[in-house]
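Trainee:
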Amino acid sequence: MSPFLRIGLSNFDCGSCQACQGEAVNPYCAVLVKEYVESENGQMYIQKKPTMYPPWDSTFDAHINKGRVMQIIVKGKNMDLISETTVELSSLAERCRKNNGKAEIWLELKPQGRMLMNARYFLEMSDTKDMSEFETEGFFA
Numbered sequence: 001m002s003p004f005l006r007i008g009l010s011n012f013d014c015g016s017c018q019a020c021q022g023e024a025v026n027p028y029c030a031v032l033v034k035e036y037v038e039s040e041n042g043q044m045y046i047q048k049k050p051t052m053y054p055p056w057d058s059t060f061d062a063h064i065n066k067g068r069v070m071q072i073i074v075k076g077k078n079m080d081l082i083s084e085t086t087v088e089l090s091s092l093a094e095r096c097r098k099n100n101g102k103a104e105i106w107l108e109l110k111p112q113g114r115m116l117m118n119a120r121y122f123l124e125m126s127d128t129k130d131m132s133e134f135e136t137e138g139f140f141a
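1 is the number of the first residue of the sequence shown in UniProt numbering; add one for each residue after it.
(1) Suppose the cutoff is 6 Å on Cβ atoms and the five residues either side in sequence are ignored; what does the same chain contact list for Gln47 look like?
(2) Under the three-state reduction of DSSP, which class applies to Leu109: helix, strand or coil?
(3) Using only CA atoms, which one of Met70, Tyr45, Leu9 and Ser2 lies nearest to Trp56?
(4) Buried or exposed: where does Val74 fall if 16 or more other Cβ atoms within 10 Å of its Cβ makes it buried?
(5) Judging by CA-CA distance, which residue of Ser39, Gly15, Asn11 and Tyr45 is the nearest neighbour of Thr86?
(6) On a CA-only basis, which of Ser58, Ile64 and Lys77 is nearest Pro3? Give me that one, please.
(7) Does the separation of the CB atoms of Met79 and Phe12 fall below 8 Å?
(8) Measure the Cβ-Cβ separation of Gly67 and Pro27 and say whether it is below 8 Å.
(9) By the three-class DSSP mapping on this structure, what secondary structure does residue 143 have?
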């Protein structure tokens, strides 16, 4: 099995964006994993897998392939876009490898806002058996 990242998203902070003013937003996030492909129209990113809607403070796995990116979109209760960002998975994996297999990163969102992303790098599925250290640290729910 190829290497993968176990990713958790939490602590969304809208900042002072207009979409958050005056009402309860109850935000949720959509995660789109896209592949870099060459086509006759040039280079582009294509989504091959369904959009994920992970609950806050939960985790999901993303396999690491060259050219794969993860777009994170935060939406409000009316399905209006609040903010978004895109993360290159190979760069995130490299950051984890340099930091004992894990990373905790505040992602800056556009047009504004931020969220906390926790990631842990695994070589294969059997590596997930030793999760107790991270569960007690509160990295992953």
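Each residue gets a CB set at the ideal place from its N, CA and C atoms; glycine is no exception. All figures in this text were calculated on a predicted structure; none of them were measured in a lab.
Mentor: According to the structure data:
(1) Counting only Cβ-Cβ distances below 6 Å, and skipping sequence neighbours, we find Leu32 and Lys34.
(2) Leu109 falls in the coil class under three-state DSSP.
(3) For the residues Met70, Tyr45, Leu9 and Ser2, the minimum Cα distance to Trp56 belongs to Leu9.
(4) The residue in question, Val74, is buried, as its Cβ has 16 or more Cβ neighbours within 10 Å.
(5) Taking only the C-alpha atoms, the option nearest Thr86 is Tyr45.
(6) If we check each option's Cα against that of Pro3, Ile64 comes out closest.
(7) For the 8 Å CB-CB criterion, Met79 and Phe12 do not form a contact.
(8) No; because the gap between Cβ atoms is not below 8 Å, this pair is not in contact.
(9) As displayed, the chain neither begins before 1 nor continues past 141, which places residue 143 out of reach and without an answer.
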